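Sequential numbering of the sequence shown, starting at 23, is according to the working numbering.
Where is the CB? At the ideal position from N, CA and C, for every residue including glycine.
Quick caveat: nothing in here was measured; it's all calculated off a predicted structure.
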Amino acid sequence: MTFQQKLDAAWKKSRSLVCVGLDPEKKRLPERMFNRPDAIFAFNKAIIDATHDIVCAYKPQFAHYAAVAAEDQLAATIDYIHDRYPGIPVILDAKRGDVGSTAEFYAIEAFERYGADAVTVNPYLGGDSIAPFTKYADRGTILLCRTSNAGGADLQEQMLDGEPLYLRVAKLAATQWNANKNISLVVGATVPQVIADVRKAVGDMPLLVPGVGAQGGDMKATVAVGRDSKGTGLVINASRSVIYASGGDDFAHAARGAVEQMLEDGAVI
23 MTFQQKLDAA WKKSRSLVCV GLDPEKKRLP ERMFNRPDAI FAFNKAIIDA
73 THDIVCAYKP QFAHYAAVAA EDQLAATIDY IHDRYPGIPV ILDAKRGDVG
123 STAEFYAIEA FERYGADAVT VNPYLGGDSI APFTKYADRG TILLCRTSNA
173 GGADLQEQML DGEPLYLRVA KLAATQWNAN KNISLVVGAT VPQVIADVRK
223 AVGDMPLLVP GVGAQGGDMK ATVAVGRDSK GTGLVINASR SVIYASGGDD
273 FAHAARGAVE QMLEDGAVI
């Protein structure tokens, strides 16, 4: 299946718009895991097993693994999801962005080395930096559009011919860059009107939405303006608020509870 088909199936099966970000920090793992050589993988595995039936995707963040030389545990995490819960897509949050010749290798890294179903990419080098990713027609390329951090406004909201730069990116993503119909966009939940404007510009393109949870984005407002014409279209990511819902041995149970709360708050199909 393509990334889009896999995501459609995951939405249908789970009835959930929730994506769990797997962003482990060794210092925040339960104490009993500190001395395990596979502590990060064991932590991820427990959360995945506890939440797999109520999420539509998982999103490991690359830097959290690379910073502590745990790329092998990143690979093991992705392999585990694919082997144990093959219907759930894995988004590698790597935010790659480079000239085309180098982007070729980043695409190989994401899709061939790690086997990710989709990868996040910085589009601000232009279309030729995106093409090495989008040529993998069965995988997803998720472009940064309007990010959830406060500094995102510094450049992304600069006006260009009467429209903000992020909206120009959205329109290019929906038209010129999307020959294989495998592009999605990152649009933060912190400003619901931005989500509404992007949704209007791109139709039913999936939106990966960070910013709900620790960053304070409003769930109900996000869902109200972000759904597509089929009532889906959103991959609402929460990381810290889910995986660190408890610092004790009940962390996996608490993570499930945090996802269930997101569903109660409106992230449900």
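By the Cβ-count criterion, Phe63 is buried, with 16 or more other Cβ atoms from all chains shown falling within 10 Å of its own Cβ.
Ranking Ala196, Asp226, Gly239 by CA distance to the CA of Gln215 puts Gly239 first. Minimum Cα-Cα distance from Glu134 among the listed residues Val121, Arg118, Gly148, Arg161 corresponds to Arg161. In the structure shown, the three-state DSSP call for Tyr80 is strand. Within the same chain, Cβ atoms closer than 7 Å to the Cβ of Val191 are found at Pro145, Leu165, Cys167, the five residues on either side in sequence being excluded.
The beta carbon of Val290 sits closer than 8 Å to those of Arg37, Ser38, Leu39, all from its chain and outside the five residues before and after it, given in chain order. Judged by DSSP in its simplified three-state form, Asp115 adopts strand. Note that the C-beta distance between Asp271 and Pro52 is below 8 Å. Annotation: the region 195–262 contains the following complete segments of the beta strand (DSSP E) (minimum length 3 residues), in chain order: 205–209, 229–231, 256–260. When the five nearest sequence neighbours on each side are left out, the beta carbons in the same chain lying within less than 6 Å of the beta carbon of Ala68 are those of Ala274, in order along the chain. Counting other Cβ atoms within 10 Å of its Cβ, Asp219 reaches 16 or more and is therefore classed as buried. Excluding five sequence positions before and after Ala97, the CB atoms of its chain that fall closer than 7 Å to its own CB belong to Tyr136, given in chain order.
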